[in-house]
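In the numbering used here, the protein residues as written are 1 to 86. All C-beta atoms in this analysis are idealised placements derived from N, C-alpha and C, irrespective of residue type, glycine included. Predicted, not measured: the structure shown is a model, and the values here were computed from it. First comes the structure, then the notes that go with it.
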């Protein structure tokens, strides 16, 4: 058994000594990273798409019901007013 002192680097296993459990953990971590990245990417694309639709709706005065704004319109333009002062 080796004693690890305060400033000694942590021992690591060379790649050829890794076991199946280490490989499993690495694969699961990569899979989790991939899933989280995919979810964030989907949320970003969805937000950009909604923002573009609302900007086009506002620019060209496209309303399904004249004079009635949806909650999405109200929230979007309040956030826009707070962030950009427009």
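Between the alpha carbons of residue 77 and residue 58, how many angstroms are there, rounded? Walking along the chain shown from the start, residue 77 turns up at place 77. Walking along the chain shown from the start, residue 58 turns up at place 58. Roughly 10 angstroms separates the two Cα atoms.
Residue 5 by DSSP, collapsed to three states: which one? As a first step, residue 5 must be located in the chain shown, where it is residue number 5. Reduced to three states, the DSSP call for residue 5 is coil.
By the three-class DSSP mapping on this structure, what secondary structure does residue 73 have? If you number the chain shown from 1, residue 73 lands on position 73. DSSP places residue 73 in helix when its eight states are reduced to three.
Alpha-carbon to alpha-carbon, residue 68 and residue 83: Translated into positions along the chain shown, residue 83 becomes position 83. Translated into positions along the chain shown, residue 68 becomes position 68. Straight-line measurement puts the Cα of residue 68 at about 24 angstroms from the Cα of residue 83.
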